[in-house]
Amino acid sequence: MSAIADQLAELAERHGLTVAVAESLTAGNVAAALGAAPDSAAWFRGGVIAYATEVKQRVLDVPDVPVVSETAATAMAEGVRALMDADIAVATTGVGGPGPQDGEPAGSVWFCASSRAGVRTSHRQFDGEPEKILDQSVQYAIELLLSMAETITDSAP
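Add 119 to the 1-based position in the sequence shown for the numbering used here, that's all there is to it.
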């Protein structure tokens, strides 16, 4: 995980990008991984851990929709990007398990990356125990951030 976070750190620093996160399922683990990356104070703006539905709605302007959904993930990413005045943001929301939640099976995770270029959403169905689902979710969230950072820096004039 640290290798991908290191790549993101290098790209963000080189291009002057700032990064923010909104986390539910991952409960701050994405922020911890980014905070441990090189020179994070220069590019990592911070994050919101919105585990409770009412926090998602009040702090990140998530509408009254199922919280494990593309709509919720998108609102979380766009909300935290605006709140933190960041160039790119990622959001995670899903079911860590061991059982289902609101009709969604364990391992069902929605991600959204947001930037001035738009949003990119993704749904993943991870297998394993809750700890493994969490680790896979953190890894994928950082990969999605890196991909979005590469997209916007490649399209920069």
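Note that beta-carbon positions come from the ideal geometry of N, C-alpha and C, so glycine has one too.
Beta-carbon proximity of residue i to residue j, cut-off 8 Å
i, j, result
"Leu-130", "Ala-268", "yes"
"Thr-134", "Thr-272", "Sequence check: residue 134 is His here, not Thr. A contact, by the Cβ cut-off of 8 Å."
"Ile-168", "Gly-154", "no"
"Ala-208", "Ala-141", "yes"
"Ala-139", "Gly-166", "yes"
"Ala-232", "Leu-263", "yes"
"Thr-292", "Thr-240", "The displayed coordinates of the chain run from 120 to 276. Any statement about residue 292 would go beyond what the structure contains."
"Tyr-281", "Ser-143", "Since the first residue shown for the chain is 120 and the last is 276, residue 281 is missing from the structure and cannot be characterised."
Inter-residue Cα distance where the pair is residue i and residue j
i, j, result
"Gly-198", "Leu-179", "5 Å"
"Arg-164", "Arg-200", "9 Å"
"Asp-183", "Thr-190", "10 Å"
"Pro-185", "Asp-221", "8 Å"
"Val-181", "Ala-151", "23 Å"
"Lys-175", "Phe-230", "14 Å"
"Arg-177", "Val-238", "21 Å"
Bridge-paired residues (DSSP) for residue i
i, result
"Ala-210", "Ala-141 and Cys-231"
"Thr-240", "Cys-231"
"Glu-262", "Its beta-bridge partners do not exist; DSSP assigns none."
"Gln-220", "Glu-223"
Contacting residues, own chain, Cβ-Cβ under 8 Å from residue i (five flanking each side not counted)
i, result
"Asp-265", "Checking the displayed sequence, the identity of residue 265 turns out to be Leu instead of Asp. Around Leu-265: Ile-123, Gln-126, Leu-127 and Leu-130."
"Ala-225", "Val-214, Gly-215, Gly-216, Pro-217, Gly-218, Pro-219, Pro-249 and Ile-252"
"Gly-145", "It is worth fixing the name first, because residue 145 is Thr in this sequence and not Gly. Thr-211, Leu-253, Ser-256, Val-257 and Ala-260, listed in sequence order."
"Ser-121", "Ala-152, Ala-155 and Ala-156"
"Gly-247", "Gly-226 and Gln-255"
Chain-order list of residues whose beta-carbon lies under 6 Å from that of residue i (same chain, five-residue window excluded)
i, result
"Thr-137", "Trp-162, Arg-164, Ala-205 and Asp-206"
"His-242", "Trp-229"
Own chain residues within Cβ distance below 7 Å of residue i, not counting five before or after
i, result
"Glu-132", "Asp-158, Ala-161 and Trp-162"
"Ala-244", "The sequence given here places Gln at residue 244; Ala does not occur at that position. Contacts found: Gly-226 and Ser-227."
"Glu-223", "Val-187 and Val-214"
"Ser-234", "Asp-206, Ile-207, Met-267 and Ile-271"
Any non-hydrogen atom of the ligand FMN closer than 7 Å to residue i Cβ
i, result
"Glu-262", "Absence of the ligand FMN is noted for the structure shown, with no ligands found whatsoever."
field: Unbroken stretches of the alpha helix (DSSP H), 4 residues or longer, contained in the region 142-196
entry: Listed in chain order, the complete alpha helix (DSSP H) runs (minimum 4 residues) inside the region 142-196 are 148-154, 159-162 and 172-179.
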